[in-house]
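Undergrad: Could you have a look at this structure, given as C-alpha cells, before my questions?
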Amino acid sequence: MTETRRLYYEDVYKKEFTATVVECREQKKGYVVILDESAFYPEGGGQPSDVGTLGDTKVTEVHEKDGELLHYTDKALEVGAKVEGKIDWVHRFDLMQQHSGEHMVSGIIHEKYGYDNVGFHMGSDVITVDLNGMLDDSQLAEIEREVNERVWEDRKVVITYPDAEELKTIDYRSKKELTGQVRIVTFPGVDVCACCGTHVTHTGEIGMVKLLSVVKFHDGIRMEMICGKRVLDYLNMVNEQNHQISMKLSAKMDRTADAVQRLQDENFRMKGQVARMEEEMFRAEAKKWEGAGSVLIFKEGLEADSVRKLADAVMNTCEGCCAVFSRNEDGSYKYAMGEIDGDLRQYTKEMNAALNGRGGGKPFFVQGSVQATEDEIRNFFEK
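Oh and the sequence shown: position 122 is 122 in full-length UniProt numbering, straight run, nothing missing.
Put into C-alpha cells, the structure is as follows:
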C-alpha cells in the first residue's frame with residue numbers, strides 16, 4: 001500500500017503542488033494514479049472529491065480505498081515522473097463553503113432542539129440534510145437568522161486531533177462509532193463534530209446561509225440549503241425571475257405576489273364564465289343530435305375535460321354512440337366516446353390499433369388520444 005501525504009490537511013488553501021507518480025494502473029475507463037503527496041481531497045464524509053489536472057491530464061474524481069488515495073485520470077502518467085497538480089479552486093471553495101455551512105446549521109439545530117443530522121448529501125446545486133425531528137416555519141426562520149449571525153462573527157474554525165483519552169472528554173457530534181485517529185472540527189460556540197472534510201478557516205468565508213425548503217421525510221424532515229456563492233447565484237436567479245414577472249404584470253418588484261394573486265382571481269372568474277358558456281353550448285349541441293343514431297363530432301380548442309363533457313351530453317340525447325375529437329397542438333387528437341348501456345371495449349381496442357391510439361375507461365365511456373388525421377378518423381368510423 002502506498003501512503004500519500006495529504007496536503008489538503010496541511011493547507012486547505014493549497015491550489016497547486018508538485019508530486020511524484022508512484023503508481024499508474026489502467027482501468028476499464030481511463031487510469032488510476034497514486035502520488036507520493038496530493039492536495040486532491042477524495043470523496044468522503046458526504047463531500048464530493050476535488051477535480052483538476054495533473055500536468056495536461058484531467059483528474060475527474062478522487063477516492064480513498066484501503067488507505068490509498070486514487071486519482072482517476074483520462075491519460076496514463078509515467079511512474080517516477082514529476083507532475084504539477086492543480087485543483088479546481090472554484091469547485092473546492094464552493095464545497096468548503098457548503099460543508100462548513102452545513103456544520104453550523106446542524107450544530108445549531110442539535111443545540112436548540114436536540115435533533116441529529118442523520119443523512120447528508122452535497123449536490124452540485126443544493127445540500128440536503130436529513131434530521132430526526134420536525135421543525136416548523138418559524139423555527140426554520142430563527143435557525144437561519146442565528147446561523148447567519150454566527151457566520152458573520154467571522155470566528156476561527158479550530159481543527160484538532162485529540163488522543164483517545166482527550167476524546168472521552170469532548171462532547172462532539174458523530175454519525176457512527178469511530179476508531180483510530182479522529183479529526184474534530186470545531187465552530188466555536190456553534191458545533192463540535194468529527195469530520196474528515198475540507199472547511200473554511202474562518203466562518204465569515206461561508207458568506208451566507210439560505211434554507212430553501214423542508215419536506216417530511218421518514219420520522220423527521222429533509223431540508224435543502226445553500227451557502228456562499230450559491231446564495232448569490234440563487235438571489236440573482238430569483239431577482240431576474242421577479243423582474244420578468246414585474247414587467248409582464250406591470251407591478252413593482254415588491255408587489256409581484258399581489259399582482260399574481262389578482263391574476264389568479266381573474267383567471268378563476270374567467271374559467272367560471274367559460275365553464276358556464278360551455279355548458280350552454282354543449283346543451284345546444286346535445287339538443288341538435290336528439291334522436292339521432294351514432295354521432296361523430298370534431299371540435300377545435302377543447303381541453304380533455306371539455307371533450308368528456310360534450311361526449312357525455314350528446315350520448316344522453318342520441319340513440320347510439322357519440323364520439324368527440326379535438327385536435328392537440330402536435331396534430332394528434334384527444335377523444336371521448338360514450339354510449340348509454342353500451343360496451344365500447346372491443347371497438348375502442350380496434351380504434352386504438354387502427355389509429356395508433358391509447359386510452360380506456362368504463363365499458364360505456366372511454367377517453368384517450370390517437371395519432372391520426374381527421375380524414376383517417378372519419379374513414380374508420382364510416383366502416
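Backbone N, C-alpha and C define an ideal beta-carbon position, used for all residues, glycine too.
Identify whether G359 lies in helix, strand or coil by the three-state DSSP scheme.
TA: DSSP places G359 in strand when its eight states are reduced to three.
Undergrad: What first and last residue would you give for the beta strand (DSSP E) that runs through residue 440?
TA: With the chain covering only 1 through 383, there is no way to say anything about residue 440.
Undergrad: Excluding the 5 residues preceding and the 5 following F282 in the sequence, name in chain order all residues of the same chain whose CB lies nearer than 7 Å to its CB.
TA: Same-chain partners within the cutoff: K309, L310, A313.
Undergrad: Check whether the segment 149 to 161 touches the segment 190 to 207, taking contact to mean three or more Cβ pairs, one atom from each stretch, closer than 8 Å.
TA: Touching, yes, given that three or more Cβ pairs across the two stretches are closer than 8 Å.
Undergrad: Can you give me the C-alpha to C-alpha distance between residue 385 and G338, rounded to a whole angstrom?
TA: Not covered by the structure: residue 385. The range shown for the chain is 1 to 383.
Undergrad: Taking the beta strand (DSSP E) that Y333 falls in, what are its first and last residues?
TA: Note, Y333: beta strand (DSSP E), 333 to 338.
Undergrad: If we count the other Cβ atoms within 10 Å of its Cβ and call it buried at 16 or more, is F268 buried or exposed?
TA: Flag for F268 reads exposed.
Undergrad: If you reduce the DSSP assignment to three classes, tell me which class Q268 lands in.
TA: As written in the sequence, residue 268 is Phe, which differs from the Gln given in the question. Looking at F268 - three-state DSSP - the assignment turns out to be helix.
Undergrad: Excluding five sequence neighbours on each side, which residues of the same chain lie with their C-beta closer than 7 Å to the C-beta of I87?
TA: Answer for I87: K15, A39, F40, D50, G52, listed in chain order.
Undergrad: Between the C-alpha atoms of E153 and R25, what's the straight-line distance to the nearest angstrom?
TA: If you take the alpha carbons of E153 and R25, they lie about 47 Å apart.
Undergrad: Based on the DSSP output, what are the partners of Q97 in its beta bridges?
TA: None; Q97 has no bridge partner.
Undergrad: Exposed or buried, H99, counting other C-beta atoms within 10 Å across all chains shown (16 or more means buried)?
TA: That one is buried.
Undergrad: Quick test of your reading: N352 and Q371, contact by CB under 8 Å. State the CB separation rounded to the nearest angstrom.
TA: At roughly 10 Å, the Cβ-Cβ gap does not stay under 8 Å, so N352 and Q371 are not in contact.
Undergrad: Within 10 angstroms of its Cβ, does R150 collect 16 or more other Cβ (buried), or is it exposed?
TA: Classification for R150: buried.
Undergrad: Which word fits K349, buried or exposed, when buried means at least 16 other C-beta atoms lie within 10 angstroms of its C-beta?
TA: Under this definition K349 is an exposed residue.
Undergrad: Return the chain-ordered ranges of every alpha helix (DSSP H) run that is complete within the segment 270 to 324 and spans a minimum of 4 residues.
TA: List check, alpha helix (DSSP H) in window: 304 to 315.
Undergrad: Compare the Cα-Cα distances from E279 to each of R262, F381, S306 and report the closest residue.
TA: Closest option to E279, Cα to Cα, is S306.
Undergrad: Assuming the contact rule is C-beta atoms closer than 8 Å, V129 and F120 should be a hit. Round their C-beta distance to whole Å, please.
TA: With a Cβ gap of about 6 Å, V129 and F120 count as contacting.
Undergrad: Mind reading off the beta-carbon distance from L69 to T18? Whole number of angstroms is fine, and I expect it under 8 Å.
TA: Contact flag wrong, Cβ pair sits at about 16 Å.
Undergrad: What are the boundary residues of the alpha helix (DSSP H) that K29 is part of?
TA: Element bounds for K29: n/a, residue is neither H nor E.
Undergrad: Considering D191, what are the terminal residues of the beta strand (DSSP E) in which it resides?
TA: Unbroken beta strand (DSSP E) run through D191: 191 to 194.
Undergrad: Cβ of L35 within 8 Å of Cβ of T57?
TA: No, Cβ-Cβ distance for L35 and T57 is not below 8 Å.
Undergrad: Kindly examine the ligand PLP and report whether one of its heavy atoms sits closer than 7 Å to the Cβ of N117.
TA: This structure lacks the ligand PLP, and indeed carries no ligand of any kind.
Undergrad: By DSSP's criteria, F187 is part of a beta bridge. Which residues make up the other side?
TA: Answer is D191.
Undergrad: Give me the Cα-Cα distance between M134 and R173, rounded to the nearest whole angstrom.
TA: M134 and R173: Cα-Cα distance of roughly 19 Å.
Undergrad: Mapping DSSP to helix, strand and coil, what is D119?
TA: Note that residue 119 is Gly in the sequence shown here, rather than Asp. Three-state result, G119: strand.
Undergrad: On a Cα-Cα basis, can you pick out the residue from C196, E303, V295, G301 that is closest to T317?
TA: When only C-alpha atoms are compared, the closest one is V295.
Undergrad: Compare the C-alpha of D94 against each of E10, K248, G123 and name the closest.
TA: Of E10, K248, G123, the residue nearest in Cα terms is G123.
Undergrad: Can you tell me the Cβ-Cβ gap for G30 and T73, rounded? I've got them flagged as a contact below 8 Å.
TA: So it is a contact: roughly 6 Å between Cβ atoms.
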